[in-house]
Amino acid sequence: MMPSMETILGWAIWFFAGSILVSLVRVVIGPTTADRMTGLNMVSAQILALLVLIGVRAGRANYLDVALVYDIFGFIGILAMARYFGKEHM
Amino acid sequence: MSWIAILFLFLGVVFGIIGNLGVLILPDVYTRLQASSTASTTSVFSALIACMIVAGWSPMTGKIAVIALFFFVSSPISAHIIARYAWHREIVPWRRSFAERQVLREESDDD
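For the record, the sequence lines run as chains A and B.
The first sequence begins at 1 in the numbering used here and counts up by one.
The second sequence begins at 1001 in the numbering used here and counts up by one.
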């Protein structure tokens, strides 16, 4: 008996939620700022996948707009952090 | 059709586990960045392709394609930005021979 597609998407959502928590360990314990930015990059990518999976499981196209805007803001956030912590402002 | 989606979700899970292990275990910023950027890109792409297959031929597929296109552009650029930041902060790349040479040099200084 094969589980339905909704159940399998639910498993994937739970896996990505746990994976985000594991990635947050590097954000907390990272020795340098670049380590923390690496962890944040990974967390934002996995949150993008999580939002898309939730949107497809719910069958609503509105949630995908949230995912796209989250991706854009994650990229701009990394850009701003690299600019702010860089040598020009020290 | 759904078997292909399940296969891509499984691939996403496997690549996610590999990427998390790499980010936790590897010794340096650059090696961690390599593990995180490659593994998270493949993991998220597998999940997005599985979502496109599940959604079928609908407007959702187009939206997911736009998200995948933007992610395909932005993820390597942000990895490059982080590597460039670390390089400008003069973080030395990890090498085993370099570390052993430092230890040997400190021991010879003690003598």
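C-beta atoms are modelled at their ideal positions from N, C-alpha and C, and glycine is treated no differently.
Note that the structure is predicted; figures quoted are calculated from it, not measured.
| Asked | Found |
| --- | --- |
| Cβ shell of residue 44 of chain A (< 7 Å), same chain only, five flanking positions each side left out | 74 |
| Test: residue 1044 of chain B CB closer than 8 Å to a CB of chain A | yes |
| 7 Å Cβ cut-off: residues of chain B touching residue 58 of chain A | In chain order: nothing, as chain B lies at least about 11 Å away. |
| Within chain A, the residues that residue 1047 of chain B reaches when beta carbons sit closer than 8 Å | 12, 16, 49, 52, 53 |
| Environment of residue 1069 of chain B [buried if 16+ CB atoms lie within 10 Å] | exposed |
| 9 Å Cβ cut-off: residues of chain B touching residue 32 of chain A | 1029, 1086, 1089, 1091 |
| Residue 1091 of chain B and residue 78 of chain A closer than 8 Å at C-beta | no |
| Neighbour list for residue 85 of chain A in chain B, Cβ cutoff strictly below 9 Å | 1085, 1089 |
| Other residues of its chain near residue 944 of chain B: CB distance less than 8 Å, five sequence neighbours each side excluded | Here chain B comprises residues numbered 1001 to 1111, so residue 944 of chain B is not present and cannot be evaluated. |
| Outcome for residue 1117 of chain B when other beta-carbon atoms lying within 10 angstroms are tallied against a minimum of 16 | Only positions 1001 to 1111 of chain B appear in the structure, and residue 1117 of chain B is not among them; the question remains open. |
| Inter-residue spacing [alpha-carbon to alpha-carbon] between residue 114 of chain A and residue 12 of chain A | This structure leaves residue 114 of chain A out entirely; chain A is present only between 1 and 90. |
| C-alpha gap between residue 49 of chain A and residue 1018 of chain B, whole angstroms | 16 Å |
| Chain-ordered neighbours of residue 1024 of chain B on chain A, where CB pairs are closer than 8 Å | 22, 25, 26 |
| Neighbour list for residue 80 of chain A in chain B, Cβ cutoff strictly below 8 Å | Going along chain B, no residue has its Cβ under 8 Å from residue 80 of chain A, so there is no contact; the nearest lies around 10 Å. |
| Neighbouring residues, chain B, relative to residue 73 of chain A (Cβ below 7 Å) | Those within 7 Å of residue 73 of chain A in chain B number zero; the least Cβ separation is about 11 Å. |
| Within-8 Å CB hit, residue 38 of chain A to chain B | yes |
| Proximal residues to residue 1004 of chain B (C-beta, below 7 Å), its chain only, five neighbours per side dropped | 1053 |
| Among B/1009, B/1038, B/1062, nearest to residue 1076 of chain B - alpha-carbon criterion | B/1038 |
| Residue 32 of chain A (DSSP reduced to helix, strand or coil) | coil |
| CA-to-CA distance, residue 1093 of chain B to residue 1020 of chain B, given in whole angstroms | 21 Å |
| With 16 other Cβ atoms within 10 Å as the buried cut-off, status of residue 2 of chain A | exposed |
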